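To start, the structure itself, in structure tokens.
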């Protein structure tokens with residue numbers, strides 16, 4: 029049985045609970061892609077024109093700290109979402125991301141989705157709520173890595189004072 033983008037969106041946990049009509053709308057903005065190891069999916073500063081629903085594989089999210097080098101932020105895998113910058117002006121990626129294994133995604137076109145959100149504000153609100161969780165998670169992961177890189181203790185961690 030051939031699975032369509034719509035079928036795969038319905039199965040992905042990020043879109044769990046979204047009604048069938050909205051899934052049909054979103055499916056028109058998606059395509060299936062495969063990335064080989066070392067393929068770059070995102071580059072910081074580039075236009076954020078898409079995001080990825082990871083179906084299988086692994087992708088390393090990293091940040092370039094200039095003279096301190098490139099720091100891994102987190103690894104995303106099956107069931108995860110990669111790329112939130114398509115929904116936040118000025119629509120530029122804030123991280124780099126590279127596949128570390130053969131990775132299969134549903135790649136969603138950001139401009140197509142923004143247009144659908146303009147036409148259906150309730151859809152836009154739903155997507156924004158879902159992506160707020162992605163943003164919060166990525167911010168927490170970045171904070172943890174930066175504390176480690178710069179040697180700052182985390183508040184409340186053992187040995188950090190009162």
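Numbering (my numbering), first residue to last: 29 to 190.
Backbone N, C-alpha and C define an ideal beta-carbon position, used for all residues, glycine too.
From a predicted model like this one, the values you see are computed outputs, not experimental measurements.
For residue 124 versus residue 92, is the C-beta distance shorter than 8 angstroms? Along the chain shown, read from residue 1 onward, the residue named residue 124 stands at position 96. Along the chain shown, read from residue 1 onward, the residue named residue 92 stands at position 64. Result yes, Cβ atoms of residue 124 and residue 92 sit closer than 8 angstroms.
Bridge partners - residue 59, DSSP secondary structure assignment: As a first step, residue 59 is located in the chain shown; it is residue number 31 there, counting from the start. Secondary-structure assignment with DSSP links residue 59 through a beta bridge to 135.
Here's the rule I'm using: 16 or more other beta-carbon atoms within 10 Å means buried, otherwise exposed. How should residue 135 be labelled? Locating residue 135 in the chain shown gives position 107, where the first residue counts as 1. Classification for residue 135: buried.
Beta bridge counterpart(s) of residue 68 as assigned by DSSP: By one-based count along the chain shown, residue 68 stands at place 40. Residue 68 pairs with 126.
What did DSSP end up calling residue 45 once you bin it into helix, strand or coil? As a first step, residue 45 is located in the chain shown; it is residue number 17 there, counting from the start. Assigned with DSSP and collapsed to three states, residue 45 falls in coil, not helix or strand.
For residue 127, is the classification buried or exposed, using 16 other Cβ atoms within 10 angstroms of its Cβ as the cut-off for buried? Counted from its first residue, the chain shown places residue 127 at position 99. Sixteen is the threshold: when 16 or more other Cβ atoms of the shown chains lie within 10 Å of the Cβ of residue 127, as they do, the residue is buried.
Closest to residue 151 by CA distance: which of 34, 113, 43 is it? Here residue 151 refers to the residue found at position 123 when the chain shown is read from its first residue. Of the candidates 34, 113, 43, the one whose C-alpha sits nearest the C-alpha of residue 151 is 43.
Rounded to the nearest angstrom, how far is the Cβ of residue 69 from that of residue 37, given a contact under 8 angstroms? For the purposes of this step, residue 69 is taken as the residue at position 41 of the chain shown. For the purposes of this step, residue 37 is taken as the residue at position 9 of the chain shown. No, residue 69 and residue 37 are not in contact; Cβ-Cβ is about 19 angstroms, not under 8 angstroms.
Buried or exposed: where does residue 32 fall if 16 or more other Cβ atoms within 10 Å of its Cβ makes it buried? Residue numbering aside, residue 32 sits at position 4 when the chain shown is read from its first letter. When all chains shown are included, residue 32 counts as exposed.
Okay, do the region 52 to 67 and the region 110 to 122 touch, 3+ Cβ pairs below 8 angstroms being the bar? Output reads no: the region 110 to 122 does not touch the region 52 to 67.
Ordered along the chain, which non-local residues of its own chain (more than five positions away) have a Cβ less than 8 angstroms from that of residue 100? Position 72 of the chain shown, counting from 1, holds the residue named residue 100. Closer than 8 angstroms at the Cβ level, and outside the excluded window around residue 100, lie 88, 89, 90, 173.
Any idea if residue 58 is buried or exposed, counting beta-carbon neighbours within 10 angstroms, 16 or more meaning buried? Against the chain shown, residue 58 aligns to sequence position 30. So residue 58 ends up on the buried side.
What does the Cβ neighbour count give for residue 108, buried or exposed, with the cut at 16 atoms within 10 Å? Your numbering for residue 108 matches position 80 in the chain shown. Under this definition residue 108 is a buried residue.
Who pairs with residue 92 in a beta bridge, going by DSSP? Position 64 of the chain shown, counted from the start, is the residue given in the question as residue 92. By DSSP's assignment, residue 92 forms a beta bridge with 98.
Spatially closest choice to residue 51 from 163, 141, 146, by CA coordinates: Start at 1 with the first residue of the chain shown, and residue 51 comes out as number 23. The shortest Cα separation from residue 51 among 163, 141, 146 belongs to 141.
Cβ of residue 150 within 8 angstroms of any chain B Cβ: Of the protein chains in the structure, only one exists, and it is not chain B.
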